[in-house]
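*Asks:* Dropping a structure here in structure tokens format, bear with me for questions.
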Amino acid sequence: MVEEEESLLEIDLIKFQKTFMLSVAQEIRYQNTELAHNPQVWEIIIPRNNKIGFWYEAFLDRLGRCIVRHPRGLLLVAGDFNAKSALWGSRRPDATGGALADWAAGLGLQLVNEGSSCVREARSKLKIEIEDSKRKAWEELLETLEKDPWGKPYQVVLNKLATGSILGPRLWDLVYEYTTNMQLGEDEHMTVYADDTIVLVLAETIREAKFKLSMVLSRVIRRIRQLGLEISVHKSEAIVFPPENRKRWNKKVHIEIDGARIECSNVGIKYLGVTIDPLWTFNAHFNTVINKANAVAFKLVRIMKNLRGPSDKKRKLYANTIYAILLYGAPIWADELEANKRMKVTMRKLQRKLALRIISAYRTVSYDAAEILAGLPPIDLAAEKMRKVYERKQEIVTRGGAITERAINAIQKQEEANMIRKWKERLMGGSKSGQRVREATLPCFEQWIERKHGNMTFHMTQMVTGHGSFGEYGLKIGKSVNARCYHCISPMDSAQHTIEVCAAWKEEREQLRRKVKGSLTLDNIIEEILETKEKWTAFSVFASNVMLKKEEEERRRERELRESRR
Numbered sequence: 003m004v005e006e007e008e009s010l011l012e013i014d015l016i017k018f019q020k021t022f023m024l025s026v027a028q029e030i031r032y033q034n035t036e037l038a039h040n041p042q043v044w045e046i047i048i049p050r051n052n053k054i055g056f057w058y059e060a061f062l063d064r065l066g067r068c069i070v071r072h073p074r075g076l077l078l079v080a081g082d083f084n085a086k087s088a089l090w091g092s093r094r095p096d097a098t099g100g101a102l103a104d105w106a107a108g109l110g111l112q113l114v115n116e117g118s119s120c121v122r123e124a125r126s127k128l129k130i131e132i133e134d135s136k137r138k139a140w141e142e143l144l145e146t147l148e149k150d151p152w153g154k155p156y157q158v159v160l161n162k163l164a165t166g167s168i169l170g171p172r173l174w175d176l177v178y179e180y181t182t183n184m185q186l187g188e189d190e191h192m193t194v195y196a197d198d199t200i201v202l203v204l205a206e207t208i209r210e211a212k213f214k215l216s217m218v219l220s221r222v223i224r225r226i227r228q229l230g231l232e233i234s235v236h237k238s239e240a241i242v243f244p245p246e247n248r249k250r251w252n253k254k255v256h257i258e259i260d261g262a263r264i265e266c267s268n269v270g271i272k273y274l275g276v277t278i279d280p281l282w283t284f285n286a287h288f289n290t291v292i293n294k295a296n297a298v299a300f301k302l303v304r305i306m307k308n309l310r311g312p313s314d315k316k317r318k319l320y321a322n323t324i325y326a327i328l329l330y331g332a333p334i335w336a337d338e339l340e341a342n343k344r345m346k347v348t349m350r351k352l353q354r355k356l357a358l359r360i361i362s363a364y365r366t367v368s369y370d371a372a373e374i375l376a377g378l379p380p381i382d383l384a385a386e387k388m389r390k391v392y393e394r395k396q397e398i399v400t401r402g403g404a405i406t407e408r409a410i411n412a413i414q415k416q417e418e419a420n421m422i423r424k425w426k427e428r429l430m431g432g433s434k435s436g437q438r439v440r441e442a443t444l445p446c447f448e449q450w451i452e453r454k455h456g457n458m459t460f461h462m463t464q465m466v467t468g469h470g471s472f473g474e475y476g477l478k479i480g481k482s483v484n485a486r487c488y489h490c491i492s493p494m495d496s497a498q499h500t501i502e503v504c505a506a507w508k509e510e511r512e513q514l515r516r517k518v519k520g521s522l523t524l525d526n527i528i529e530e531i532l533e534t535k536e537k538w539t540a541f542s543v544f545a546s547n548v549m550l551k552k553e554e555e556e557r558r559r560e561r562e563l564r565e566s567r568r
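Throughout, the working numbering is defined as the position within the sequence shown, counted from one, plus 2.
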């Protein structure tokens with residue numbers, strides 16, 4: 003069927019359907035090649051009454067294989083995929099658009115346009131806008147140099163603090179202590195970090211709070227100006243924290259700072275990278291970091307292709323950058339995430355996307371299986387670990403102890419072990435998703451997560467998960483009409499049948515047995531390959547050799563089927 007699809011997809015005329023075009027090439031500029039002047043175009047049309055499902059993901063997988071085998075040159079994939087995403091201008095994204103965006107990013111496809119405007123014209127207009135913006139910015143910078151923002155005469159300074167010197171922050175602290183040491187009332191508090199100042203007042207009513215805040219702010223502003231500094235009123239934000247018994251808050255409140263009116267936000271304010279909302283639910287923060295992480299993930303997954311991509315360790319390094327975005331400030335909001343099921347599910351969707359890219363797996367692999375094979379703990383457990391590490395360090399400080407590097411390492415190691423233990427307990431009593439992977443890895447779960455050797459390859463992942471060129475999987479996703487094995491007489495072609503029973507792979511199996519002792523059940527194989535790098539390599543080679551031949555046989559059958567229909 004693959005060759006049949008390829009012939010159906012290859013056409014000579016471009017017929018756009020108010021959609022987008024994708025380019026397989028990493029560079030749009032091609033020179034001195036025939037394909038550059040004669041681009042190949044594939045047209046895809048998905049009926050609008052269809053919804054995303056196994057058939058849609060299976061179709062994208064088959065289309066992806068066609069694209070991977072396409073010779074070097076310019077290829078345009080155009081048509082109506084019946085998918086909506088903000089990446090190509092849709093105002094209401096849907097699940098189909100998300101799946102299509104993930105698929106395109108995984109293959110390294112580049113979004114060219116929305117199908118309604120000329121790329122060349124848009125490119126020239128963009129170039130003109132960028133040049134005008136740079137010119138205006140340079141003129142504004144020159145004008146700024148002629149102004150004195152401090153209202154004081156200039157003083158020529160020949161020396162400056164050395165880069166990385168600790169004197170700069172200390173001098174700033176000494177100067178700003180004049181403000182921070184100001185006497186405040188019992189219900190008034192002020193916190194300073196770098197050049198950010200936050201003032202808190204406690205009151206029974208909004209009117210009382212506004213009065214107290216105005217009195218404190220006037221004193222703070224006066225002291226800041228006595229130091230020769232100015233405040234940025236337009237950057238100032240305000241928020242009201244209602245009583246704990248309030249479940250909702252949408253009252254409009256404003257304050258005045260230095261004569262300027264500041265509206266109190268009912269969504270949240272950002273302080274030190276964390277968005278704090280009036281009810282301390284951190285919903286606004288979760289939405290912000292998820293959107294930011296999704297944007298970064300879309301760029302990173304383009305370099306994490308299933309085939310001919312980086313190793314899974316490098317992929318995990320890329321994924322950790324997304325984790326750093328998601329887990330920023332985790333000690334503060336970890337408890338709220340545990341209680342917020344909707345946000346937990348949303349974060350795990352992004353986590354699953356990263357895990358699938360790390361292990362080069364099909365999108366049909368479950369949450370649990372992908373996270374186990376990638377070694378990515380659930381986001382809520384990772385946040386809880388960070389919270390406990392922070393609390394234990396604060397406890398040492400409270401008791402008057404010193405936080406040494408050795409103590410920090412010991413705390414982190416203990417909490418890491420606790421997190422893995424809770425993760426394992428959750429898998430043992432959890433759902434049935436990823437059952438094959440869970441049953442194989444749970445007996446040696448700690449060793450699997452903490453292993454120092456071994457990379458998960460595209461074909462090895464298929465062997466472990468059972469999602470690949472197997473009759474059982476093809477029947478499940480609607481690609482095949484039966485689950486029989488075409489390499490022997492077995493009526494069921496599964497991953498375990500391929501590893502342990504199928505006579506077609508006797509030679510490859512014997513080579514594997516020279517390294518892996520005992521039975522060829524998946525749990526024993528996992529236990530064996532964790533012992534040495536040689537055993538891991540032996541299983542990886544076995545998986546690659548077998549799966550390549552199975553894929554070739556699948557293409558042969560599809561070619562014969564196509565010829566028989568002529």
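Glycine included, C-beta positions come from ideal geometry on N, C-alpha and C.
1) Taking 7 Å as the cut-off, decide whether the C-beta atoms of Trp-538 and Ile-531 are in contact.
2) Distance, Cα to Cα, Lys-569 vs Glu-265?
3) Pull up the DSSP beta-bridge partners for Ile-278, would you.
4) Would you decide whether Gln-185 is buried or exposed? Buried here means 16 or more other CB atoms lie within 10 Å of its CB.
5) Based on DSSP bridge pairs, tell me the residues matched to Met-192.
6) Considering only the alpha carbon of each residue, which of Asn-285, Leu-281, Phe-460, Trp-450 lies closest to Ala-363?
7) Taking Cβ to Cβ, would you say Asp-382 is nearer than 7 Å to Lys-346?
8) From Glu-510, Ser-482, Ala-505, pick the residue whose C-alpha is nearest to that of Leu-563; which is it?
9) Where do the N-terminal and C-terminal ends of the alpha helix (DSSP H) with His-499 fall, by residue?
10) Among Ala-297, Met-458, Gln-416, Ile-405, which has the Cα closest to the Cα of Leu-375?
11) Using three-state DSSP, classify Glu-232 as helix, strand or coil.
12) Can you tell me whether Ser-566 is buried or exposed, with buried defined as 16 or more other CB within 10 angstroms of its CB?
13) Compare the C-alpha of Ala-332 against each of Lys-387, Val-518, Gln-416 and name the closest.
14) Less than 7 Å between the beta carbons of His-287 and Val-276, yes or no?
15) Check whether the Cβ atoms of Ile-233 and Ser-267 lie closer than 7 Å to each other.
16) Excluding five sequence neighbours on each side, which residues of the same chain lie with their C-beta closer than 7 Å to the C-beta of Ser-496?
17) Label Lys-272 either buried or exposed according to how many other C-beta atoms from any shown protein chain fall within 10 Å of its C-beta, with 16 as the threshold for buried.
18) Compute the minimum distance between the beta carbon of Lys-136 and the heavy atoms of the ligand MN, and state whether it is under 6 Å.
19) Find the nearest neighbour of Pro-280 within the set Phe-243, Glu-59, Ala-321, judged by alpha-carbon distance.
20) Assuming the contact rule is C-beta atoms closer than 8 Å, Ala-107 and Arg-304 should be a hit. Round their C-beta distance to whole Å, please.
21) Which residues in the same chain as Ala-297 place their Cβ atom closer than 8 Å to its Cβ, once the five residues preceding and following it in sequence are excluded?
22) If we ignore side chains and look at the alpha-carbon of each, how far apart do Glu-338 and Trp-425 end up?
23) Select from Val-399, Arg-225, Glu-206 the residue whose C-alpha is nearest the C-alpha of Tyr-180.
24) Taking the DSSP output, what are the residues bridged to Glu-258?
*Replies:* Straight from the coordinates:
1) yes
2) Shown here, the chain extends from 3 to 568; a query on residue 569 therefore has no answer.
3) Ile-271
4) exposed
5) Val-201
6) Phe-460
7) yes
8) Ser-482
9) 497–502
10) Met-458
11) coil
12) exposed
13) Lys-387
14) yes
15) no
16) Gly-468, Phe-472, Glu-474
17) exposed
18) This structure does not include the ligand MN; it has no bound ligands of any sort.
19) Phe-243
20) 5 Å
21) none
22) 19 Å
23) Arg-225
24) Arg-263
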